[in-house]
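Have a look at the structure below, then the notes.
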Amino acid sequence: FSLTYQRAGGPRADPFDVPNPVTPEYAIMLIDAFRESKRLKISQVNAILSQSRKLLETLANIIEVNVPEGKEITIVGDTHGQFFDVLNLFTLNGPPSNENPYLFNGDWVDRGSFGTEVTITYLQQ
1 FSLTYQRAGG PRADPFDVPN PVTPEYAIML IDAFRESKRL KISQVNAILS QSRKLLETLA
61 NIIEVNVPEG KEITIVGDTH GQFFDVLNLF TLNGPPSNEN PYLFNGDWVD RGSFGTEVTI
121 TYLQQ
């Protein structure tokens, strides 16, 4: 993908500008960019954090997760900021979606080199 594109009849826009709501295509584009060590602008990270905060504020601190009979959920813990390990999980189990839910449970980013990328990836799912 290109870092910039031309809007029809408008100024150049940055494809990393955060859509509201975030789309699955945007989340995939971010993962691809992080894989190539590309960086977001601070304003883009702030937009992601702001959207995520608004959503999380509507949820309880503890939620009950019901998995229908015959369905599965992938429970992930202790990724420790290891972005490429997270990508490997997505490759092995399929990407997170409504039909393929994941539960990311603790120790997301306490040691690895890619804590920001892991956090943003989780928040965009």
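Those letters in the sequence shown? Residues 1 to 125, per UniProt numbering, in order.
Glycine is no exception: its CB is placed at the ideal position from the N, C-alpha and C atoms.
Since we're looking at a predicted model, the values are computed, not measured.
Worksheet item: Out of curiosity, what's the CA-to-CA distance linking G106 and P96?
Response: Here residue 106 corresponds to residue number 106 of the sequence shown, with the count starting at 1. Here residue 96 corresponds to residue number 96 of the sequence shown, with the count starting at 1. So the alpha carbons of these two residues sit roughly 17 Å apart.
Worksheet item: Given I73, which residues of its chain have a CB within under 8 Å of its CB, disregarding the five upstream and five downstream residues?
Response: Within the sequence shown, numbered from 1, the residue matching residue 73 stands at position 73. Once the five neighbours on either side are set aside, the close Cβ partners of I73 are V65, V67, P101, Y102 and L103.
Discussion item. I need the straight-line Cα distance from T119 to G70, nearest angstrom please.
Written reply: Against the sequence shown, residue 119 aligns to sequence position 119. Against the sequence shown, residue 70 aligns to sequence position 70. Going by the C-alpha atoms only, they are around 30 Å apart.
Practice prompt. Excluding the 5 residues preceding and the 5 following V18 in the sequence, name in chain order all residues of the same chain whose CB lies nearer than 8 Å to its CB.
Written response: Locating residue 18 in the sequence shown gives position 18, where the first residue counts as 1. Closer than 8 Å at Cβ, skipping near neighbours: Y26, Q44, A47, I48 and Q51.
Worksheet item: Is it buried or exposed for I31, if we count other Cβ within 10 angstroms and need 16 for buried?
Response: Along the sequence shown, read from residue 1 onward, the residue named residue 31 stands at position 31. Within 10 angstroms of the beta-carbon of I31 lie 16 or more other beta-carbons, which makes it buried.
Practice prompt. Report the partner residues of Y102 according to the DSSP bridge assignment.
Written response: Along the sequence shown, one-based indexing puts residue 102 at 102. Beta-bridge pairing links Y102 to T74.
Worksheet item: If you compare alpha carbons, which of W108, D110 and F84 is closest to S37?
Response: Position 37 of the sequence shown, counting from 1, holds the residue named residue 37. Of the candidates W108, D110 and F84, the one whose C-alpha sits nearest the C-alpha of S37 is F84.
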